[in-house]
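In case it helps, mature numbering (1 follows the signal peptide of the UniProt record, and there is no 0) puts the sequence shown at residues -20 to -1, 1 to 490.
First up is the structure itself, then whatever we jot down about it.
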Amino acid sequence: MRKTILAFLITVLVTVSVSAQLPEQIKEGLKNLTVKVDKLTDASTIQKEILSFISAAPNEDLKKKALVFIQENSKSAHTKEVLARLLKGSDSVVTNKNYIVLKNANIIDAISDTSKKGSVFIEGDKITAIDYTNSMQIPEVAAIYDLEGKYIIPGLIDAHVHITHGTLKDAQEHLQTALKKGVTGVRDMGGDGRMLTLLKKNTMIGEDVGPDVFFSTIIAGPEFFENDPRPKEVAKGATAGKVPWQTAITHDSDLRQVVAEAKGLGATAIKVYLNVDKDLFRKVAAEAKRQRLKVWSHAVVPPTKAIDITNGGSEVMSHAASMVQYEFIKGDLKSRHAFKSQEELKAYRQKSQNLNWDKNSAEVKRLFNAMKANNSILDATMFVYTLGLEPSENGKKVDSTRYKIGVKAVKIAYDMGVKIGAGSDHMISKDNIINIHREIELLTLAGLSNIDAIKAATIINAEGLGEEKNIGTIEKGKLANLVVLNTNPLENIESTKDIKFVIKRGKIVE
Ligand SMILES: [Zn+2]
């Protein structure tokens, strides 16, 4: 018996080692190629001949072996020199890695507050260097873009989208449009988890052209799933509230299991939504963090107020216009499902909305100080408050109660040091308009400096995703997600729309 296994193993080993050798007819071809290039003297012509020949090799190992074979058989000093460089310096030749150098650009790295002239080096999907002294050698194989007079910002992240409220094809088309307009990442705040999982995989590996997709599942009280039509729509074919991407919870739920199902689906976070009281909020948030998922929510999710949401562990809180006024209500909030009619709900909301608050109100200070201390990001979603409103004369400012409250809240939070993120809550409009650019502008109208509005849509949003080590700034080692702009967004924030081209994961977006 032992002998048979040994014989089998030997056969396997021999087969493997043979298949890793260069086949005889390839060796013949390589010999002919060597004779041919040995007659040449120009290094770049020699390199071109060799690279075009070995590009047909099926894997990196064989490519390397082919290079070594030519080196061993060559009688020319020129050829040997080229081979030595190819084998030593850049493994791009053997790995087919992408080398791109963006030269002489004004780099807005979203770390400092200014732009600085330099060159960005990209290898494969990553930024490998940023040269501010113009002293680094550019690899011969690199594609070089001279961006004199242009500006580079990190790829934009829309921190509030819902991309699955249509067909898969709709979602794919919308994502493709968004990427072309500079969005290299999106945070989906709750949709059809089956579709989101697919889109996440496809955009990551480049099978679909689009921003990287990060998403949450929805965790809420049973009343939400029973009464609201939206969860039913994204649970088609199954029961709303009883699927891994949306789960009804109570104090009796097995929270480990609930969170594990979200994690297994590929979610980045759980979004805690309506009808979860503050104690349950705290429990499920703690379990999510224990399983290394992020915790996202709206700023207010009745019955739980913003102060209890930030103290309960929410890392990103959405919707600036509906948070502060509820801080003035004594005790817990009434959930919308506690009302018999829409009129009753409306009356409650109107009555409870204390609009006479300002930056000196004790409740306001308490809330934003807590958010700052807890490092909770405010996902302002200013864009939704402008939906359906006509722009005023200058075409920029809009006017509505909710918009005004949002501006006030964002300004106070920003001045108090709360991190502000940028999310449109409406990624794409008619005529393929991508709304994150308008969201960024609206944040500046609410008081953010241009650089802080850009940071809101890049590094702050990356933090909200827990991806700040991989994306969000222009830094060595991060993914090469970049937007090249024709004009300076630090001077005019509308320049984030003035795009020359976009790079995602080291590839130029066509
Ligand atoms: Zn939303």
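All residues carry an ideal CB built from backbone N, CA and C; glycine is no exception.
Which same chain residues, not among the five before or five after residue i, have their C-beta less than 8 Å away from its C-beta?
| i | result |
| --- | --- |
| N53 | L10, K11 and T14 |
| L67 | K44, L47, V48 and Q51 |
| L465 | K130, Y131, I132, I133, S475, T476, D478, I479 and K480 |
| N349 | M396 |
| T230 | G201, P202 and L260 |
| V344 | V304, E307, W337, D338 and I392 |
| I110 | I87, D89, G98, S99, V100, F101, I454, E455 and K456 |
| G186 | R485 and K487 |
| S380 | Y365, T366 and L369 |
| N355 | E295 and K399 |
Using the rule of at least 16 other Cβ atoms within 10 Å of the residue's Cβ for burial, across every protein chain shown, is residue i buried or exposed?
| i | result |
| --- | --- |
| Y253 | buried |
| V48 | exposed |
| Q305 | buried |
| D138 | buried |
| residue 495 | Residue 495 lies beyond the residue range present for the chain, which begins at -20 and ends at 490; the question has no answer from this structure. |
| V74 | In this prediction, V74 scores a pLDDT of 49, lower than 50, which makes its location untrustworthy; no coordinate-derived value is stated. |
| N207 | exposed |
| G397 | exposed |
| H145 | exposed |
| R270 | exposed |
| N336 | exposed |
| E421 | buried |
| H417 | buried |
| P211 | buried |
| I473 | buried |
| S24 | exposed |
| I124 | exposed |
| D188 | buried |
| S95 | buried |
| T284 | buried |
| K181 | exposed |
| K326 | exposed |
| G217 | exposed |
| K274 | buried |
| I118 | exposed |
| residue 494 | Residue 494 is absent from the structure shown; the chain starts at -20 and stops at 490. |
| Y112 | exposed |
| G293 | buried |
| D257 | buried |
Given residue i, which residues of its chain have a CB within under 6 Å of its CB, disregarding the five upstream and five downstream residues?
| i | result |
| --- | --- |
| V296 | W276, I357, D359 and G444 |
| L178 | none |
| F33 | L13 |
| G386 | A300, A301, M362 and Y365 |
| P202 | A228 |
| L136 | G162, V163, I416 and A437 |
| I91 | T453 |
| K55 | D18 |
| K339 | I392 |
| A426 | V387, V390 and K391 |
For residue i, I'd like the list of residues in its chain whose CB is within less than 7 Å of its CB, leaving aside the five on either flank, ordered along the chain.
| i | result |
| --- | --- |
| residue 502 | Residue 502 lies beyond the range of the chain shown here (-20 to 490); nothing can be said about it. |
| M184 | D192 |
| A215 | V223 and Q226 |
| I(-11) | Model confidence at I(-11) stands at a pLDDT of 43, short of 50, so the residue's coordinates are unreliable; what they give is reported in the following sentence. So no residue of the chain qualifies. |
| I26 | V17, L20, H58, T59 and V62 |
| M175 | T144, L148 and A151 |
| residue 496 | Nothing in the structure corresponds to residue 496, since the chain is present only between -20 and 490. |
| K160 | V482 and V489 |
| K435 | A90 |
| R236 | E267 |
| A220 | F205, P211, K212 and Q226 |
At the 8 Å Cβ level, is residue i part of the contact set with chain C, yes or no?
| i | result |
| --- | --- |
| A265 | Looking at the structure shown, chain C is missing, and only one protein chain is on hand. |
Pick out every residue whose C-beta is nearer than 5 Å to a heavy atom of ligand 1: which are they, in chain order? M169 and D405
Could you check whether the stretch 451 to 460 touches the stretch 402 to 418, counting it as contact only if at least three pairs of C-beta atoms, one from each stretch, sit closer than 8 Å? no
Can at least three beta-carbon pairs, one atom from the stretch 129 to 145 and one from the stretch 75 to 93, be found at a separation below 8 Å? yes
3-residue-minimum beta strand (DSSP E) runs that sit fully inside the stretch 68 to 144, ordered along the chain: 79 to 87, 96 to 103, 106 to 111, 123 to 126, 131 to 134 and 136 to 141
At 3 residues or longer, and completely inside the stretch 160 to 207: list those beta strand (DSSP E) runs for me, N to C. 163 to 168 and 192 to 200
With a cut-off of 8 Å, do at least 3 Cβ pairs link the stretch 160 to 177 to the stretch 191 to 207? yes
Is it a yes or a no for the stretch 453 to 469 touching the stretch 98 to 107, going by three-plus beta-carbon pairs under 8 Å? yes
Does the stretch 281 to 293 come within contact of the stretch 306 to 325, defined as at least 3 CB pairs closer than 8 Å? yes
Where in the stretch 344 to 423 do unbroken runs of the alpha helix (DSSP H), each at least 4 residues long, occur, reported from the N-terminal end onward? 381 to 395
Starting from the N-terminal side, write out each stretch of the alpha helix (DSSP H) that is 4 residues or longer and does not extend beyond the stretch 281 to 305. 286 to 291
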